[in-house]
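Q: In the working numbering, the protein residues as written are 2 to 220.
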Amino acid sequence: MTLRSNTDPGQDPGLDWARIAGFTMVITFHVGAVLLLLAPVNPPATDAEADDVTQVVIIEPPPPPPPPPPPPPEPEQPPEIKELAPPQPSPLPPPPDDPPVVFDTPSPMDTPAPPPAPPAPPAPPASIEASVDVSSRAMNPPRYPPAAVRSGITGTVVLIVSVDANGNVTDVTVERSSRNRDLDRAAVQAARKWSFNPAMVDGVASAGLVRIPVDFNLD
Numbered sequence: 002m003t004l005r006s007n008t009d010p011g012q013d014p015g016l017d018w019a020r021i022a023g024f025t026m027v028i029t030f031h032v033g034a035v036l037l038l039l040a041p042v043n044p045p046a047t048d049a050e051a052d053d054v055t056q057v058v059i060i061e062p063p064p065p066p067p068p069p070p071p072p073p074p075e076p077e078q079p080p081e082i083k084e085l086a087p088p089q090p091s092p093l094p095p096p097p098d099d100p101p102v103v104f105d106t107p108s109p110m111d112t113p114a115p116p117p118a119p120p121a122p123p124a125p126p127a128s129i130e131a132s133v134d135v136s137s138r139a140m141n142p143p144r145y146p147p148a149a150v151r152s153g154i155t156g157t158v159v160l161i162v163s164v165d166a167n168g169n170v171t172d173v174t175v176e177r178s179s180r181n182r183d184l185d186r187a188a189v190q191a192a193r194k195w196s197f198n199p200a201m202v203d204g205v206a207s208a209g210l211v212r213i214p215v216d217f218n219l220d
């Protein structure tokens with residue numbers, strides 16, 4: 002930009018105040034523009050940061066309750082008073098025993114009891130008048146036990162056979178044992194199979210007993 006002066010060119014121009022004022026305005030304008038460019042875009046950031054601050058308030062817990070008061074002390078018990086028993090009188094010694102009285106005649110309590118009476122003798126057996134049928138005994142001889150045969154055992158068994166009025170056997174007992182259980186059993190079993198003749202009393206048949214020896218020999 003060229004500023005022309007109306008003064009004469011042959012004269013000294015001096016200071017051109019209009020030109021100086023124009024330069025000053027241009028410089029001021031450019032400085033303001035540079036300052037606007039250098040200014041921050043978001044100036045209110047300080048307020049935003051101030052809003053994000055969280056205030057923390059620490060609340061102290063209440064103080065614990067005071068401890069309960071101690072229990073009152075128990076009253077002291079008065080000392081126990083022991084009652085002393087009154088002294089007992091010492092027992093007197095017993096009087097001496099009277100001397101025993103001796104009687105010349107024995108009392109009934111001093112007499113020894115008589116010995117017990119001996120047992121009564123056994124009752125005699127009934128009348129042994131019945132008889133065994135010989136043929137019946139021969140047909141049913143006693144069976145010799147095999148164990149006794151192997152062991153070579155012999156003996157004689159005496160039987161008492163009870164017979165009714167009809168000659169039937171009602172009971173068989175061992176009067177004398179052979180000292181071997183198998184021989185005694187074999188004799189009793191054989192006698193139960195025999196036939197008998199009843200006893201005769203005043204011409205009438207009646208019950209009676211028969212004594213029969215039974216021999217066991219290996220001959």
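Beta carbons: idealized from backbone N, C-alpha and C, even for Gly.
(1) Just curious, the alpha helix (DSSP H) that D185 is in, first and last residue?
(2) Taking C-beta to C-beta, are P133 and V189 nearer than 8 Å?
(3) Please report the residue range of the beta strand (DSSP E) in which S214 lies.
(4) Which one or two residues does DSSP pair with S132 in a beta bridge?
(5) Between the C-alpha atoms of W195 and R177, what's the straight-line distance to the nearest angstrom?
(6) Among V173, V175, S163 and N218, which has the Cα closest to the Cα of N198?
(7) Flag this pair as yes or no: are the beta carbons of V170 and L160 separated by less than 8 Å?
(8) Would DSSP call L160 helix, strand or coil?
(9) What does the alpha-carbon distance come out to for the pair R5 and D17?
(10) What span of residues does the beta strand (DSSP E) with R177 cover, start to end?
(11) Quick check: the Cα distance between R144 and P117, rounded to an integer number of angstroms?
(12) Could you check where the alpha helix (DSSP H) with V27 kicks off and where it finishes?
(13) By a C-beta neighbour count over all protein chains shown, 10 Å radius and 16 as the cutoff for buried, is V158 buried or exposed?
(14) Please report the straight-line C-alpha distance between S152 and D216, rounded to a whole angstrom.
(15) Considering only their Cβ atoms, is the gap separating G156 from N181 smaller than 8 Å?
(16) Less than 8 Å between the beta carbons of A187 and N141, yes or no?
(17) Output needed for R193: all residues of its chain with C-beta closer than 8 Å, excluding positions within five of it in sequence on either side, in chain order.
(18) For I213, count neighbouring Cβ atoms within 10 angstroms of its own Cβ and tell me buried if that reaches 16, exposed if not.
(19) Under the assumption that D183 contacts P146 (Cβ atoms under 8 Å), give the Cβ distance between them as a whole number of angstroms.
A: On the basis of the coordinates in this document:
(1) R182 to A192
(2) Sequence check: residue 133 is Val here, not Pro. No, the Cβ-Cβ distance between V133 and V189 is not below 8 Å.
(3) In the sequence as displayed, the identity of residue 214 is Pro instead of Ser. Taken as a continuous stretch (DSSP letters only), the beta strand (DSSP E) holding P214 covers G209 to F217.
(4) N198
(5) 20 Å
(6) S163
(7) no
(8) strand
(9) Caution is warranted here: a pLDDT of 47 is assigned to R5, below 50, making its placement in the model unreliable, and the coordinate value is therefore given only provisionally. Cα-Cα distance, rounded: 10 Å.
(10) V170 to R177
(11) 47 Å
(12) W18 to L39
(13) buried
(14) 16 Å
(15) yes
(16) no
(17) V170 and V173
(18) buried
(19) 4 Å
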